[in-house]
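Student: Chains as they are written, first to last, in the numbering used here: chain A, 454 to 791; chain B, 586 to 895. The C-beta atom is built at its ideal place from N, Cα and C for all residues, glycine as well. This is the structure, below, for whatever I ask next.
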Amino acid sequence: MPLQETAFTREEPLGDPPTVTQGSDWSLDEPDGDFEDYQGVPLLIDVTLPVYHPKAPGLVARNAQRWRDLLLGIGVTKVKTPSSNIRSTDCVAGLDSALLGDFPGIFRDLIALEPPEMLFGNRYGCATALAAAWLEAGGRGVVCAMGGAGGLPALEELRMALHTSGRLPLSGGEGNLAKLRELSELFSGERTKGNKPVTGFAIFAVESGVHVDGLLKDPCLYEPYPPNLVGGRRLLSVGLHSGRNSLRLKCEGLGLPHDGELLKAMATEVRALSLGLGRGLTDTEFVSLHGRLSAKGDKGKAHNTAHDKAHDKAHGKAAARAADGFPGLGPGAGRSHA
Amino acid sequence: MAFPGSAQGRDAAMPRRIRIVDSTLRDGHQSPGLAIPLGARLSLAKALEAAGVDRVEAGFPGMGECETEAVRAIKGVLVKAEVSAWNRLNLADVSASISAGVDLVHICFPLSERQMGAKLGMGFARAASLLGDAVGLSRDAGIPCSVGLEDVSRSDEGRIRKAMGLLASLGVEEVRLADTVGVLAPLSVRWLVGLFAGEGFKVGFHAHNDLGLACANSLVAALSGAGLVDTTLGGIGERAGNAPLAGFLKLASHAPGLSFGVSLEAAQEIERGFLPLLGREDFLMGLSRSRASDITDMDTSEAGLWKKAL
Chain A
454 MPLQETAFTR EEPLGDPPTV TQGSDWSLDE PDGDFEDYQG VPLLIDVTLP
504 VYHPKAPGLV ARNAQRWRDL LLGIGVTKVK TPSSNIRSTD CVAGLDSALL
554 GDFPGIFRDL IALEPPEMLF GNRYGCATAL AAAWLEAGGR GVVCAMGGAG
604 GLPALEELRM ALHTSGRLPL SGGEGNLAKL RELSELFSGE RTKGNKPVTG
654 FAIFAVESGV HVDGLLKDPC LYEPYPPNLV GGRRLLSVGL HSGRNSLRLK
704 CEGLGLPHDG ELLKAMATEV RALSLGLGRG LTDTEFVSLH GRLSAKGDKG
754 KAHNTAHDKA HDKAHGKAAA RAADGFPGLG PGAGRSHA
Chain B
586 MAFPGSAQGR DAAMPRRIRI VDSTLRDGHQ SPGLAIPLGA RLSLAKALEA
636 AGVDRVEAGF PGMGECETEA VRAIKGVLVK AEVSAWNRLN LADVSASISA
686 GVDLVHICFP LSERQMGAKL GMGFARAASL LGDAVGLSRD AGIPCSVGLE
736 DVSRSDEGRI RKAMGLLASL GVEEVRLADT VGVLAPLSVR WLVGLFAGEG
786 FKVGFHAHND LGLACANSLV AALSGAGLVD TTLGGIGERA GNAPLAGFLK
836 LASHAPGLSF GVSLEAAQEI ERGFLPLLGR EDFLMGLSRS RASDITDMDT
886 SEAGLWKKAL
């Protein structure tokens with residue numbers, strides 16, 4: 454099925470609340486809502502739509518179809534329709550406390566029985582970990598939902614666990630997880646936390662000198678997967694823990710001239726300023742500091758012109774050419790991630 | 586809740602004491618946007634000690650004299666809790682930690698082929714020799730040290746066993762297994778911790794939350810033989826963060842086979858008291874607003890609360 458190009462944003466008209474049942478507009482082209490079951494491949498069974506149905510006003514037919522297409526694009530091959538049951542009749546459910554005991558043994562015995570669906574409970578906050586362990590042990594069908602909705606294992610975390618373990622590498626569908634996040638925000642009415650695993654928008658922000666240096670040498674040193682794979686991007690923060698490499702990158706991103714002496718002076722000032730403020734610096738503060746220290750060093754007119762441009766940029770006047778993550782270290786740059 | 590053969594049933598009579606290593610002032614502090622003034626760091630360290638945290642990882646003296654002073658000051662205000670400092674694999678860092686007067690020098694040993702090659706630019710033999718020198722330097726100063734196997738989660742078994750032999754030959758007793766990019770799943774944690782614990786090492790576990798597994802993995806580590814578990818307040822840390830102190834203790838409270846020096850209530854109280862002051866949420870909100878360009882003008886009206894609080 455071709456992907457629909459319709460945008461889904463918070464501003465989108467939400468449409469009428471759903472009142473229909475299986476077989477009506479809610480069906481996703483397949484009679485039972487399932488896609489082809491690939492033998493031998495770990496199977497994530499997405500039940501996000503039935504978890505939110507019928508309370509989510511954004512869960513209109515068009516978005517449900519879009520949801521399915523996005524999941525298909527990242528290799529999630531079984532998606533339940535909004536009106537499906539979250540668990541099928543042959544689903545094995547519970548095991549909330551298995552992690553506290555001999556979970557490898559329990560899983561080994563259960564896997565031999567080939568249960569078509571496993572639904573791990575979240576009484577102890579371990580649903581995702583249980584599901585990850587189940588897949589790690591060679592289990593297959595796991596019921597999950599985006600963002601761990603309904604107390605279920607988090608689909609996006611399991612999907613990336615399968616990717617990083619090499620059991621089901623994510624090829625294609627770059628950015629689909631970010632789009633799924635936006636759709637699920639529409640369904641839930643809640644913003645995703647900035648540091649939410651996999652889908653948080655701030656998880657690829659970096660400041661410390663150790664980490665920036667590492668990322669410059671090889672991006673995968675401090676990233677479990679490339680940001681673009683999940684629709685994320687690297688962000689460079691400047692503050693207390695910034696080293697000279699970070700400052701150099703920031704200067705380059707903002708079009709500011711720099712040399713060794715200036716960076717050395719800036720490193721000291723940035724640390725002092727951050728401690729005084731109790732936080733990292735904004736771009737405007739950074740540009741201002743650069744201007745002050747450059748003037749001290751009497752770098753000349755050309756320097757000041759560059760500084761003015763950078764100042765405009767920091768104020769958003771040149772947002773169109775704003776640094777995309779790290780200069781020279783764009784998404785996917787460097788060696789491939791594991 | 587009890588499963589046949591579960592840990593809580595088996596060990597309930599004699600709980601095993603797990604030591605909490607709080608890394609808020611090191612791994613937590615180096616996450617983007619945080620800059621905790623010294624006075625606040627001292628308050629936080631004292632609060633962690635009062636809550637019963639066994640060890641405070643106070644910082645990274647290798648950053649410079651300012652940070653060395655901060656770690657020294659933290660050491661100066663703590664009576665009961667151990668103070669450790671994090672070090673890269675070089676003698677200058679270790680010297681800085683020694684001069685800060687810490688109780689324990691923690692040396693990071695990048696283990697995976699990728700870390701060792703791309704970051705250190707050297708092979709195993711050269712890195713092993715450097716580690717020997719660093720351990721010797723710390724020991725000569727009369728300060729015990731632990732070694733962290735960075736990126737152990739992406740190292741192959743041969744390399745892991747080689748590192749284990751190296752640590753044994755150097756007489757290193759404490760090893761921290763660092764899931765640097767947070768990709769371990771529970772079965773691997775169990776295997777890895779069991780491997781080192783089985784050889785008699787005192788094992789610490791350092792989780793990252795990239796796959797949402799930090800708390801659960803830390804618990805599995807503790808149940809598998811780790812004696813030290815790393816946490817940060819609220820799980821602040823690089824990317825998706827580390828194992829949160831209160832979150833971990835809440836989960837671990839269901840495993841009666843384990844005991845801790847910190848109560849869940851104390852951990853929750855300290856997180857309630859300190860987390861708002863870190864300004865972390867403001868930073869994340871600022872990032873949210875500046876998604877289209879870069880980290881830029883955050884609304885700073887609520888940031889820098891540390892300064893106000895002080």
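Which residue's Cα is closest to the Cα of Ile728(B): Gly750(B), Gly686(B) and Leu676(B)?
Tutor: Nearest option by C-alpha distance: Gly686(B).
Student: What residues of chain A sit near Leu834(B), judged by a beta carbon separation below 7 angstroms?
Tutor: Residues of chain A passing the Cβ test: none, with the nearest at roughly 12 angstroms.
Student: Report yes or no: do three or more beta-carbon pairs, one from the stretch 760-768 of chain B and one from the stretch 541-560 of chain A, lie closer than 8 angstroms?
Tutor: These segments do not touch.
Student: Would Asn827(B) pass as an interface residue toward chain A - the criterion being a Cβ-Cβ separation below 7 angstroms?
Tutor: With 7 angstroms as the cut-off, Asn827(B) does not count as an interface residue toward chain A.
Student: Would you mind telling me which residues of chain B sit closer than 9 angstroms to Asp562(A), beta carbon to beta carbon, in chain order?
Tutor: Under the 9 angstroms cutoff, chain B gives no residues; its nearest Cβ is about 11 angstroms from Asp562(A).
Student: When the cut-off is 7 angstroms and only beta carbons count, does Asn794(B) lie next to chain A?
Tutor: For Asn794(B), the answer is yes, since a Cβ of chain A falls inside 7 angstroms of its Cβ.
Student: Do Gly750(B) and Ala782(B) have their beta-carbon atoms positioned less than 7 angstroms apart in this structure?
Tutor: No. Outside cutoff.
Student: Is the beta carbon of Leu633(A) sitting closer than 7 angstroms to the one on Leu709(A)?
Tutor: Not closer than 7 angstroms, so no.
Student: Could you compute how far the alpha carbon of Leu674(A) sits from the alpha carbon of Gly812(B)?
Tutor: Computed Cα separation, rounded: 27 angstroms.
Student: What are the residues in the stretch 571-582 of chain A lying within 7 angstroms of chain E by C-beta distance?
Tutor: Of the protein chains in the structure, A and B, none is chain E.
Student: Quick one: what's got a C-beta closer than 6 angstroms to Val500(A)'s C-beta in the same chain, skipping five residues either side?
Tutor: Excluding positions up to five away in sequence, the list reads Lys533, Ile539, Val596 and Ala598.
Student: From the DSSP output, in three-state form, read off Leu621(A) for me.
Tutor: DSSP places Leu621(A) in coil when its eight states are reduced to three.
Student: Does the beta carbon of Asp671(A) sit closer than 7 angstroms to a beta carbon anywhere in chain B?
Tutor: Closer than 7 angstroms: yes.
Student: Which residues of the stretch 585-603 of chain A have a Cβ closer than 9 angstroms to any Cβ of chain B? Give them in chain order.
Tutor: If the cut-off is 9 angstroms between Cβ atoms, the stretch 585-603 of chain A has Ala585, Ala586, Leu588, Glu589, Ala590 and Gly601 near chain B.
Student: How many Å lie between Ser754(B) and Ala712(B) at the Cα?
Tutor: In a straight line, the C-alpha of Ser754(B) is about 14 angstroms away from that of Ala712(B).
Student: Can a CB atom of chain A be found closer than 7 angstroms to the CB of His791(B)?
Tutor: Not an interface residue.
Student: Please decide whether Arg697(A) counts as near chain B, where near means a Cβ-Cβ distance under 7 angstroms.
Tutor: So no, Arg697(A) is outside the interface.
Student: Taking just the CA atoms, how far does Asp815(B) sit from Thr652(A)?
Tutor: Using only the alpha carbons, I get a separation of about 24 angstroms.
Student: Taking Glu722(A) as the query, report the chain B residues whose CB atoms sit under 7 angstroms from its CB, ordered along the chain.
Tutor: Those do not exist, as Glu722(A) stays about 12 angstroms from chain B at its closest Cβ, beyond 7 angstroms.
Student: With a cut-off of 8 angstroms on the beta carbons, I'd call Leu629(B) and Phe859(B) a contact; round off their distance for me.
Tutor: 6 angstroms between Cβ atoms; contact.
Student: Are the C-beta of Leu668(A) and some C-beta of chain B separated by less than 7 angstroms?
Tutor: No, Leu668(A) does not count as interfacial toward chain B.
Student: State whether the stretch 555-567 of chain A contacts the stretch 586-593 of chain A, with contact taken as three or more CB pairs (one from each stretch) at a distance under 8 angstroms.
Tutor: As far as the Cβ criterion goes, the stretch 555-567 of chain A touches the stretch 586-593 of chain A, which means the pair count is three or higher.
Student: Report the start-end ranges of each alpha helix (DSSP H) in the stretch 673-728 of chain A that is 4 residues or longer and not cut off at the edges.
Tutor: Segments of the alpha helix (DSSP H) lying fully in the stretch 673-728 of chain A: 697-706.
Student: Chain A partners of Gly779(B), CB-CB under 9 angstroms?
Tutor: What Gly779(B) touches in chain A: nothing, since even the nearest Cβ is about 11 angstroms away.
Student: Report the three-state DSSP secondary structure of Asp522(A) (helix, strand or coil).
Tutor: Here Asp522(A) sits in helix by DSSP.
Student: Please list, in chain order, the chain B residues whose beta carbon lies closer than 7 angstroms to that of Glu705(A).
Tutor: The contacting residues do not exist; Glu705(A) stays about 12 angstroms from chain B at best.
Student: Could you tell me which chain B residues have their CB closer than 7 angstroms to the CB of Pro677(A), listed as they occur along the chain?
Tutor: Residues of chain B passing the Cβ test: Val766, Gly767, Val768 and Asp795.
Student: I need the boundaries of the alpha helix (DSSP H) containing Leu813(B), first residue and last residue.
Tutor: Run containing Leu813(B): none in the alpha helix (DSSP H); it sits in the beta strand (DSSP E), Leu813 to Thr816.
Student: May I ask you to verify whether the stretch 784-799 of chain B touches the stretch 571-586 of chain A, counting CB pairs closer than 8 angstroms and requiring at least 3?
Tutor: At 8 angstroms Cβ cutoff, the stretches touch.
Student: Does Arg687(A) have its Cβ less than 7 angstroms from a Cβ in chain B?
Tutor: So, not an interface residue.
Student: What residues are listed by DSSP as bridge partners for Phe845(B)?
Tutor: Paired residues: Ile603(B).
Student: Kindly say whether Ala840(B), judged by its beta-carbon, lies nearer than 7 angstroms to any beta-carbon of chain A.
Tutor: It does: the Cβ of Ala840(B) has a partner Cβ on chain A nearer than 7 angstroms.
Student: Report the three-state DSSP secondary structure of Pro495(A) (helix, strand or coil).
Tutor: Coil at Pro495(A), not helix or strand.
Student: If you pair each beta-carbon of the stretch 679-688 of chain A with each one of the stretch 711-727 of chain A, do three or more pairs fall below 8 angstroms?
Tutor: Taking 8 angstroms as the limit for Cβ pairs, the verdict is that the stretch 711-727 of chain A does not touch the stretch 679-688 of chain A.
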